[in-house]
Amino acid sequence: MSNGPHAKLAELGHELPEVVPPVASYVPAVQSGRHVYVSGQLPMAEGKLLATGKVGAGVSAEQGKDLAQRCALNAMAAIDSLVGLENVVKIVKLTGFVASAPGFTGQPAVINGASDLFGAVFGEAGRHARSAVGVAELPLDAPVEVEVIVEVS
Numbered sequence: 092m093s094n095g096p097h098a099k100l101a102e103l104g105h106e107l108p109e110v111v112p113p114v115a116s117y118v119p120a121v122q123s124g125r126h127v128y129v130s131g132q133l134p135m136a137e138g139k140l141l142a143t144g145k146v147g148a149g150v151s152a153e154q155g156k157d158l159a160q161r162c163a164l165n166a167m168a169a170i171d172s173l174v175g176l177e178n179v180v181k182i183v184k185l186t187g188f189v190a191s192a193p194g195f196t197g198q199p200a201v202i203n204g205a206s207d208l209f210g211a212v213f214g215e216a217g218r219h220a221r222s223a224v225g226v227a228e229l230p231l232d233a234p235v236e237v238e239v240i241v242e243v244s
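If you're matching positions, the sequence shown starts at 92 in our numbering and goes up one per residue.
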């Protein structure tokens, strides 16, 4: 059995989902040179948001962390469909947006859901620069959104 990213995902109990179709005028991911830029990914599964609302009011921080992990899986699906996960050299930058209730300041812990999964799947190559930002609203009333920049071979 291979020790590549697909095998690691399976070992972790995850299955790579279908690429989430865009909800507006953009593509899921685009390659420029040796980098892939993944559009903001929402916590979608089978065409539906897994949750709506604000983290810290209706959506717990732990739920938000799970939703951020789903965003990361969706990002990996977009990368895989464009260039193949086996061609990822480095997760360069992850930006996470958390629709936050007033006073909620746990955005970093929420976005750890995505960061931790990239680390688990890609090892040292999954360690990345990151921003975790609280926002008032996200598309479709999603609680979290994650975008990623990766270096590929």
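We put the beta carbon where it would ideally sit given N, CA and C, even for glycine.
What you are looking at is a predicted structure, and each value in this text was computed from that prediction instead of being measured.
- [ ] Assuming Ala-120 contacts Tyr-128 (C-beta within less than 8 angstroms), just tell me the rounded distance between them.
- [x] In the sequence shown, the residue the question calls residue 120 occupies position 29. In the sequence shown, the residue the question calls residue 128 occupies position 37. Going by Cβ atoms, the distance from Ala-120 to Tyr-128 rounds to 7 angstroms, so yes, they are a contact pair.
- [ ] Return the residue from the list Glu-238, Glu-242, Gly-197, Val-243 that minimises the CA-CA distance to Cys-162.
- [x] Indexing the sequence shown from 1 puts residue 162 at position 71. Taking only the C-alpha atoms, the option nearest Cys-162 is Glu-238.
Open item on the list: With a threshold of 6 angstroms on Cβ separation, who are the neighbours of Ser-130 within its own chain once the five nearest residues in sequence on each side are excluded?
Closed with: Sequence index remark: in the sequence shown, residue 130 carries index 39 (1-based). Correct list, in chain order: Tyr-117, Pro-119.
- [ ] Would you grab the beta carbon distance between Val-212 and Phe-188 for me? Rounded to a whole angstrom, and I think it's under 8 angstroms.
- [x] Stepping through the sequence shown from its first residue, residue 212 is reached at position 121. Stepping through the sequence shown from its first residue, residue 188 is reached at position 97. In fact, because the Cβ distance is near 21 angstroms, the residues do not count as touching under 8 angstroms.
Task: Other residues of its chain near Thr-143: CB distance less than 6 angstroms, five sequence neighbours each side excluded - done: As a first step, residue 143 must be located in the sequence shown, where it is residue number 52. Hits under 6 angstroms: Asp-232.
Task: Residue(s) in a DSSP beta bridge with Gln-122 - done: Residue mapping note: residue 122 aligns to position 31 of the sequence shown, counting from 1. DSSP output for Gln-122 lists Val-127 as bridge partner(s).
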